[in-house]
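Right, dumping it as structure tokens:
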């Protein structure tokens, strides 16, 4: 999920997992991103890394 953000901050992915779901949040300029899944954490981390690389 991506949502517009003001200020253009860039932050590294942060683990915000809760309730049995793996969740990662980061900001990349104009958007704030969330990756949420019930997959294992290493798989979600791989997805986030690939997504961030492709979005450059």
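In UniProt numbering, the protein residues as written are 1 to 56.
Think of the CB as a built atom: it goes at the ideal place given N, C-alpha and C, for glycine as much as any other residue.
Bear in mind that the values here come from a model prediction, so they are computed numbers and not experimental data.
Three-state secondary structure assigned by DSSP to residue 48: helix
Looking at residue 18 and the ligand MN, is the gap between the Cβ and the nearest heavy atom below 7 Å? What this structure holds is no ligand at all, so the ligand MN is not there to describe.
Can you tell me where the beta strand (DSSP E) holding residue 28 begins and where it ends? 22-28
Nearest-angstrom Cα distance between residue 20 and residue 32? 22 Å
Please list, in chain order, all residues of the same chain as residue 1 whose beta carbon is under 6 Å from its beta carbon, the five residues on each side excluded. 34
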